[in-house]
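One structure is given below, encoded as structure tokens.
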Amino acid sequence: DTAHNMMGEVHSHLEENIRPYIDLIDSLRSVGIQKDLALPTIVVIGDQSSGKSSVLEALSGVALPRGKGIVTRCPLELRLKKVTGVKWKAVLTYCKKKTDLWIQHQLHKISKTASQNELAGKGVGISDDLITLEVMSPDVCDLTLIDLPGIARVPLRGQPEDIGEQIKRLIIKFIEKQETINLVVVPCNIDIATTEALKMAQEVDPEGKRTVAILTKPDLIDTGTEKSVLAIVHNEVIPLRKGYTMVKCRGQQCLLNEDKATIKCLAIKLTQELVDHIKKSLPQLDEQIKKLLWDVRNELKECEGGPPQDPRGAKQFLTQTLKRFNDQINSLSSGELIFEENLFAQLRAEFKKWNDHLNSSKPSFSDSKVVSQENRGRELPGFSNYKVFETVLQKHVAELKEPANDLLRGMKDIILKHLLDVVFTCFRNYPVLKNITVSKIHNILSGQKEKAEQRILEQFEMENLIYTQDPIFLKILSEITKEWFLEEQLPMFDKECTYSQMMKAHYEIVVQRMADQLPMMISLFMLKETAEVLSTDILGLLDGANVSELLFEDSDVSKRRKDLRDRLDRLTAAQAELTEFI
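Using full-length UniProt numbering, the first residue of the sequence shown is number 1, and each one after it goes up by one.
In structure tokens, the structure reads:
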């Protein structure tokens, strides 16, 4: 009797320390928080006919439906609660429906299969919606498990060919989460290494840190293989940190001492594992919820409230919306607004490419003697026709036209992307406003591109004039020839200087001019002027505007707003639950 009282005290002590943690996670799952983050949980997996149902029946005292083929077609959350004063009671919840069961055989009357049909569709599909079965009884441990469909090898008649893959995908979704303890049910009478369930658990948990194995069917072990099975039990074959537990169900014979292979041992071990796991996870869970709350509130700010219903308020709201857009466009063009990427950093990279191209395309002009001989007119040797000098330089300058247009196209694409980013941020909820603005941007940029092309063409025509100030030309020539040239020394018959060097000097000046001129030109027309024209055009929308049409909301927005509010409620409720523990 003393021993019995002692066990009672131990159990009530366990209940005080255990039940609140398991209840916490159950209530978090009830508010739907698992849609937002992974909860610490035990997931049960096993190949078909591994004895999984027998283990769960023994733990819960519930006779789960059996039958050929896949009986479980969606996850079953089994919440076991030790309750005194109630003989046995269960509550089955699915699709937001609740059914109270007072006697065990009622479960078959309403049939789990019926509820699964509503979730997975009649027939053979797989669904990842949970059915929750809450069992209250003085004979169970406080424990929550999620039972997943058994891994099928061959589809039965009427089942889709990929049923095995469907089930595996569902299982992986649960077991790959770091927050999950994977409870793998393996029969003793086959080579454990070949079981699909253990292989899957090893894939997602190669170090075996969060995998617990249950060995079933000890009565079916062939005589002579006992030693190899004991080696498995002692964690010597496929090592798992949490080890192996052997259980015998339905009056089976067993290798181990009867008391070491009881369901009660298993239940206590699992409860302890789950509670330790929950305790370790709570600080991180708290952090995740805080972060998610922060994100959801920010997202709600963006789509919260919508435009007012009264015409005056709506007009004011439109004015503020358009003004905010203009502020962002102006900040973008002045380099103050940075989204994910910095516009000016991208443009600078384009300018550098242009500069690199100019420098790498500098000709040596070593063929200038041949060219001057080919184009020599009536002049005597030693004299040069200036036309030859011009023609050679003009030919090389003309080769820069295509790369210059490439620079313009590249800049247009970058600027367009950044302008559209501003549109989608500011007018995300208003498709009409968004479409009008996108269309304006395309039109304005096309017009500005034409202006820039015209200006670049003029620049090349100016370069054909072959001109620079004398001091600039002589300075560059001095740098190339390493001889000093001064204006007052002209003409310079006593200086050593070849025509190729003089051509090089002028081309160097062209490169320096073009390296700055084109980026400045394109920046002015494509960015600065585009932003100014766009700002003016956007404010023009206010004149005689059909306000309600412009502020017509995307139907997705109201849905998004509702989803965000639901998430906010879930997360707030979850945070309140957690606050009591941390």
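All C-beta atoms in this analysis are idealised placements derived from N, C-alpha and C, irrespective of residue type, glycine included.
Proximity winner among the options, relative to residue i (alpha-carbon distances)
i: residue 94; options: 132, 562, 85, 507; result: 132
i: residue 585; options: 419, 19, 85; result: Absent from the structure is residue 585, since the part of the chain shown begins at 1 and ends at 582.
i: residue 434; options: 325, 162, 387, 332; result: 325
i: residue 262; options: 59, 485, 316; result: 59
i: residue 618; options: 505, 218, 579; result: Because the chain spans 1 through 582 in this model, residue 618 falls outside it and cannot be assessed.
i: residue 301; options: 144, 423, 564, 220; result: 564
i: residue 539; options: 329, 518, 411, 377; result: 329
i: residue 529; options: 24, 451, 239; result: 451
i: residue 215; options: 54, 406, 40; result: 54
i: residue 471; options: 437, 428, 487, 311; result: 487
i: residue 466; options: 489, 453, 506; result: 506
8 Å Cβ shell around residue i - same chain, five flanking residues per side excluded
i: residue 200; result: 45, 151, 168, 171, 172, 175
i: residue 86; result: 136, 137, 138
i: residue 537; result: 440, 444
Cβ-based burial, residue i [other Cβ within 10 Å; buried from 16]
i: residue 462; result: exposed
i: residue 395; result: exposed
i: residue 562; result: exposed
i: residue 320; result: exposed
i: residue 115; result: Annotation note: pLDDT 45 at residue 115 (below 50); position unreliable, coordinate value reported separately. By the 10 Å Cβ count, residue 115 comes out buried.
i: residue 469; result: exposed
i: residue 351; result: buried
i: residue 503; result: buried
i: residue 205; result: buried
i: residue 448; result: buried
i: residue 381; result: exposed
i: residue 210; result: buried
i: residue 386; result: exposed
i: residue 531; result: buried
Alpha-carbon to alpha-carbon, residue j and residue i
i: residue 569; j: residue 36; result: 12 Å
i: residue 208; j: residue 17; result: 27 Å
i: residue 212; j: residue 203; result: 14 Å
i: residue 331; j: residue 558; result: 30 Å
i: residue 535; j: residue 541; result: 10 Å
i: residue 426; j: residue 391; result: 53 Å
i: residue 273; j: residue 74; result: 25 Å
i: residue 294; j: residue 533; result: 37 Å
i: residue 28; j: residue 79; result: 13 Å
i: residue 299; j: residue 290; result: 14 Å
i: residue 334; j: residue 421; result: 16 Å
i: residue 423; j: residue 309; result: 23 Å
i: residue 414; j: residue 345; result: 11 Å
i: residue 417; j: residue 410; result: 11 Å
i: residue 177; j: residue 43; result: 11 Å
i: residue 378; j: residue 514; result: 35 Å
i: residue 342; j: residue 527; result: 14 Å
i: residue 265; j: residue 428; result: 57 Å
i: residue 241; j: residue 284; result: 22 Å
i: residue 571; j: residue 33; result: 7 Å
i: residue 140; j: residue 129; result: 25 Å
Terminal residues of the beta strand (DSSP E) in which residue i lies
i: residue 187; result: 180 to 187
i: residue 466; result: Premise fails: residue 466 is in no beta strand (DSSP E) and is neither H nor E.
i: residue 245; result: 244 to 246
i: residue 134; result: 131 to 137
i: residue 78; result: 76 to 82
i: residue 386; result: Taken as a continuous stretch (DSSP letters only), residue 386 belongs to no beta strand (DSSP E), being part of the alpha helix (DSSP H) at 386 to 398.
i: residue 90; result: 89 to 94
i: residue 215; result: 211 to 216
Contacting residues, own chain, Cβ-Cβ under 6 Å from residue i (five flanking each side not counted)
i: residue 233; result: 244, 246
i: residue 357; result: 403
i: residue 363; result: 396
i: residue 573; result: 31
i: residue 474; result: 485
i: residue 455; result: 521
i: residue 508; result: 476
i: residue 237; result: 231
Residues near residue i in its chain [Cβ-Cβ closer than 7 Å; skip 5 each side]
i: residue 117; result: Unreliable positioning characterises residue 117 in this predicted model, as indicated by a pLDDT of 49, which lies under 50. The coordinate reading is nonetheless provided below. Same-chain partners within the cutoff: there are none.
i: residue 47; result: 150, 151, 195, 196, 197
i: residue 26; result: 79, 144
i: residue 432; result: 549, 550, 552
i: residue 510; result: 397, 463
i: residue 359; result: 511
i: residue 315; result: 547
The alpha helix (DSSP H) enclosing residue i, as first and last residue numbers
i: residue 175; result: 163 to 175
i: residue 56; result: 52 to 60
i: residue 540; result: 529 to 540
i: residue 197; result: 196 to 204
i: residue 46; result: Looking at the DSSP string, residue 46 is not in any alpha helix (DSSP H); the run it does join, the beta strand (DSSP E), is 41 to 46.
Cutoff 8 Å: residue i Cβ touching any chain D Cβ
i: residue 321; result: In the structure shown, chain D cannot be found, because there is only a single protein chain.
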